[in-house]
Amino acid sequence: MRIGRNSIVPILTPATAWFGLFFALPIAAMVVVSFWMVENYKLVPTFTLTNYAKLAQPLYLSIIARTFAIATIVTILAALIGYPVAYYLAQRLKRLRIFVLTLIVLPLWTSYLVRSFAWMLVLGTSGALNWFLQGIGVTDEPVRWFLYSEFAVIVALVHIYLPFFILPVFAVLDKLDHRLLEASTDLGAGPWTTFWTITLPLSRPGISTGCLLVFIPAAGSYVSPELLGGPSVLMIGSVIAQQFGLVFEFAFGSALALTLMMGILIVALGLLRIGMVQGLK
Amino acid sequence: MTRREIRVLAPAGISRRRLLALLGAAGAIPFAQRSAFSQVPQLNLFTYPTFANEKIVAAGKEQGLDVKTTIYSGADEMIAKLRGGGTRLYDMIVPLHTYVKVAADADLIEPLDPAKMPNLAQVTKAFTTIPDWSPGGKFYGVPFVWGANAMAYNFAETGDVDSLKLLFEGKLKGRVAMRDDSEDAIAVGALYLGIRNPFDLDEKALQEVKKVMIMQKAMNRTYWRNIADLRTMFANKEVVLAWATLSVVAPLRNNGMDIRWIWPKEGALGWSEGIAAVKGGKNRTHVENYANFTISPEYGEVLARATRYASTSSKALERLPADLIKELGIQPERMGNLMFKQLPKNKPRWTEIWTEVKAA
Chain A
1 MRIGRNSIVP ILTPATAWFG LFFALPIAAM VVVSFWMVEN YKLVPTFTLT NYAKLAQPLY
61 LSIIARTFAI ATIVTILAAL IGYPVAYYLA QRLKRLRIFV LTLIVLPLWT SYLVRSFAWM
121 LVLGTSGALN WFLQGIGVTD EPVRWFLYSE FAVIVALVHI YLPFFILPVF AVLDKLDHRL
181 LEASTDLGAG PWTTFWTITL PLSRPGISTG CLLVFIPAAG SYVSPELLGG PSVLMIGSVI
241 AQQFGLVFEF AFGSALALTL MMGILIVALG LLRIGMVQGL K
Chain G
1001 MTRREIRVLA PAGISRRRLL ALLGAAGAIP FAQRSAFSQV PQLNLFTYPT FANEKIVAAG
1061 KEQGLDVKTT IYSGADEMIA KLRGGGTRLY DMIVPLHTYV KVAADADLIE PLDPAKMPNL
1121 AQVTKAFTTI PDWSPGGKFY GVPFVWGANA MAYNFAETGD VDSLKLLFEG KLKGRVAMRD
1181 DSEDAIAVGA LYLGIRNPFD LDEKALQEVK KVMIMQKAMN RTYWRNIADL RTMFANKEVV
1241 LAWATLSVVA PLRNNGMDIR WIWPKEGALG WSEGIAAVKG GKNRTHVENY ANFTISPEYG
1301 EVLARATRYA STSSKALERL PADLIKELGI QPERMGNLMF KQLPKNKPRW TEIWTEVKAA
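Chains A and G, in that order, are what the protein sequence lines are. Residues 1 to 281 in our numbering are what the first sequence lists, from first letter to last. Residues 1001 to 1360 in our numbering are what the second sequence lists, from first letter to last.
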């Protein structure tokens, strides 16, 4: 059925209104405020580039670079762990599939904060991991760098965002045309050749979507680095939160947030490009 | 982890006593008494969690002063929320002394009438004359509580502690928590360097402090921002010494941990807090009554018993047993080295320096 021009307007109105009110308008406000300044806890509407000049200093650029490095590591680890899980679920598991999918989604039912806290109990000096390692005699002293370290932040972020990688890859692999795999086998290709030349390239849209869904929140994460990061892990999300919540530097905070968004946008466009599979449009 | 430690970590739910109080308010109080209550409107108090303590709120009710509390975790958050429309929601706030001028300049609070606060006469003179409370010569209030940010330590692990050097060097490496707060952290660095006024630092001094605070990073297990997080770190023994606020101590002590509190000999960072009236409120008289109540001996006593914080009322101290006075987080013998907080003139620069330290 063709939807006429007249009937599509009422269908799209709520979405457009929602998008305009809660996305476009706040972003526009942030763009404007990022060129203002703050004096005596008041926003002064003027036009200044000082906020952007300030964030172009090596200090903030290095924090952004470190944030992107951590987000990249998290994304790669999520992909390395998540892909085999998704593959197994889609290609091998039949009966328990719903059950395992539920297990994967289950952690999302608890708060993000709770999951970060849970890692404190696992990774702490008197935590479960150290208790286990000492129990089996791998170490005598508790390992201290498990918690309050980059390691802790990466572990927690991979755990928190892993389902967002598994699900889209699973969706793609589940729809994979089995005739292609059979044809490959018929033509004499071994399982690895079939995987590298058929399965993996065809799962690219799922991988790129998964990477996006992991990278974007990881780059903007705030709670996990604050709770688990320790003295040497400063991610840009914390710096932005500080500008708004603690020091009332709304203008500079807006400039920082917009810069982060632009950086993420560039990465996202790159990932989407990789995800486009020719002939699959 | 023992059950006791878990109890420290668990969020405080509604206690039996509070439930009983609520039930009482709903029905058990005699009718005539209730109608007397209803003449006084409920006041909205925007405050730190410490002063929203249920025992303190209950003590107010006994005086016919019913408050509904909303909580903030710091002075900047308070200002930001008042700016964001909070002036319509709250009747009174509890500013840190350095923020009275900030709030007054931003048109968020209005002066009080000292004549309506007879308990003023009992407040220790030193606190009625702090210039921070009367910017522009107008009386915006008087502190009901004072104290210092200083050091908390787990005695069983550290033994006696007297100097803030332990935060910077020596045996506790990797078991220390510095406060993630530009004002406190930079001022502590300045105290360590022996700078006379740790809140008045030029660029050269700031750079020296920065160097020392980067060095201090190696001592840290982590930084803390939220006092509940620091409490957890002490309970889990991740941390045994911290630059802290006093509110970390009482809950841990109540759960059997020997957490102690000291103003280090190099100096501590003093503060005072009191009631201020939010601008444009309709309940001015009642706010003055509440402000007067906070400087009463009764309030000072319940404050000390419930939170270990010290009242500014000399009469309140007289009511306390000697051993409780010792437990309060004040050390009058070290007043000479107490540096009362000042708002740094170049605060944005302080924030930036602190970001540089954390990113280093």
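All residues carry an ideal CB built from backbone N, CA and C; glycine is no exception. All values reported here derive from a predicted model rather than from experimental measurement.
Proximity below 9 Å, CB of residue i to CB of residue j
i: residue 119 of chain A; j: residue 147 of chain A; result: yes
i: residue 261 of chain A; j: residue 63 of chain A; result: no
i: residue 1329 of chain G; j: residue 1317 of chain G; result: no
i: residue 161 of chain A; j: residue 241 of chain A; result: no
i: residue 50 of chain A; j: residue 1236 of chain G; result: no
i: residue 89 of chain A; j: residue 100 of chain A; result: yes
i: residue 1120 of chain G; j: residue 1278 of chain G; result: no
i: residue 1044 of chain G; j: residue 1068 of chain G; result: yes
i: residue 1325 of chain G; j: residue 1152 of chain G; result: no
i: residue 167 of chain A; j: residue 104 of chain A; result: yes
Selection from the options that minimises the alpha carbon distance to residue i
i: residue 176 of chain A; options: A/46, A/12, A/42 and A/194; result: A/194
i: residue 1104 of chain G; options: A/42, A/179, A/187 and A/203; result: A/42
i: residue 1190 of chain G; options: G/1315, G/1172, G/1214 and G/1153; result: G/1214
i: residue 115 of chain A; options: A/265, A/228 and A/92; result: A/228
i: residue 1306 of chain G; options: G/1046, G/1054 and G/1100; result: G/1054
i: residue 1135 of chain G; options: G/1285, G/1187 and G/1097; result: G/1097
i: residue 1349 of chain G; options: A/24, A/243 and A/265; result: A/243
i: residue 1269 of chain G; options: G/1188, G/1164 and G/1041; result: G/1188
i: residue 111 of chain A; options: A/223, A/6 and A/36; result: A/223
i: residue 1157 of chain G; options: G/1343, G/1063, G/1291 and G/1239; result: G/1239
i: residue 81 of chain A; options: A/26, A/155 and A/141; result: A/155
i: residue 1255 of chain G; options: G/1266, G/1170, G/1234 and G/1117; result: G/1234
i: residue 274 of chain A; options: A/208, A/231 and A/245; result: A/208
i: residue 1057 of chain G; options: G/1359, G/1196, G/1290 and G/1312; result: G/1290
Same chain, Cβ closer than 7 Å to residue i, five either side skipped, listed in chain order
i: residue 1356 of chain G; result: 1210
i: residue 247 of chain A; result: none
i: residue 1111 of chain G; result: 1138, 1139 and 1140
i: residue 1147 of chain G; result: 1246, 1271, 1309, 1310, 1329 and 1330
i: residue 174 of chain A; result: 90
i: residue 1319 of chain G; result: 1297 and 1301
i: residue 1281 of chain G; result: 1091 and 1287
Residue i versus residue j - alpha carbon distance
i: residue 253 of chain A; j: residue 1274 of chain G; result: 31 Å
i: residue 276 of chain A; j: residue 267 of chain A; result: 15 Å
i: residue 1339 of chain G; j: residue 1141 of chain G; result: 21 Å
i: residue 1262 of chain G; j: residue 1249 of chain G; result: 11 Å
i: residue 128 of chain A; j: residue 159 of chain A; result: 16 Å
i: residue 106 of chain A; j: residue 165 of chain A; result: 15 Å
i: residue 20 of chain A; j: residue 10 of chain A; result: 15 Å
i: residue 205 of chain A; j: residue 1091 of chain G; result: 56 Å
i: residue 1352 of chain G; j: residue 40 of chain A; result: 17 Å
i: residue 16 of chain A; j: residue 31 of chain A; result: 20 Å
i: residue 270 of chain A; j: residue 72 of chain A; result: 13 Å
i: residue 58 of chain A; j: residue 258 of chain A; result: 17 Å
i: residue 1341 of chain G; j: residue 249 of chain A; result: 21 Å
i: residue 122 of chain A; j: residue 145 of chain A; result: 13 Å
i: residue 1315 of chain G; j: residue 1123 of chain G; result: 8 Å
CB contact check: residue i to chain A, cutoff 9 Å
i: residue 1307 of chain G; result: no
i: residue 1358 of chain G; result: yes
i: residue 1225 of chain G; result: yes
i: residue 1301 of chain G; result: no
i: residue 1178 of chain G; result: yes
i: residue 1262 of chain G; result: no
Residues of its chain near residue i, where Cβ-Cβ distance is below 6 Å and the 5 sequence neighbours each way are ignored
i: residue 1176 of chain G; result: 1167, 1219, 1220 and 1241
i: residue 256 of chain A; result: 55 and 240
i: residue 233 of chain A; result: 150, 153 and 225
i: residue 214 of chain A; result: 75, 78, 161, 164 and 165
i: residue 1333 of chain G; result: none
i: residue 1063 of chain G; result: 1293
i: residue 211 of chain A; result: 75 and 271
Check: residue i C-beta below 8 Å from any heavy atom of the ligand ZN
i: residue 121 of chain A; result: The ligand ZN is not among the ligands present in this structure, which contains no ligands whatsoever.
CB contact below 9 Å: residue i versus chain G
i: residue 232 of chain A; result: yes
i: residue 124 of chain A; result: yes
i: residue 245 of chain A; result: yes
i: residue 52 of chain A; result: no
i: residue 173 of chain A; result: no
i: residue 68 of chain A; result: no
i: residue 120 of chain A; result: yes
Residues near residue i in its chain [Cβ-Cβ closer than 8 Å; skip 5 each side]
i: residue 1079 of chain G; result: 1099, 1102, 1103, 1106 and 1108
i: residue 197 of chain A; result: 184 and 189
i: residue 1072 of chain G; result: 1046, 1047, 1048, 1078 and 1081
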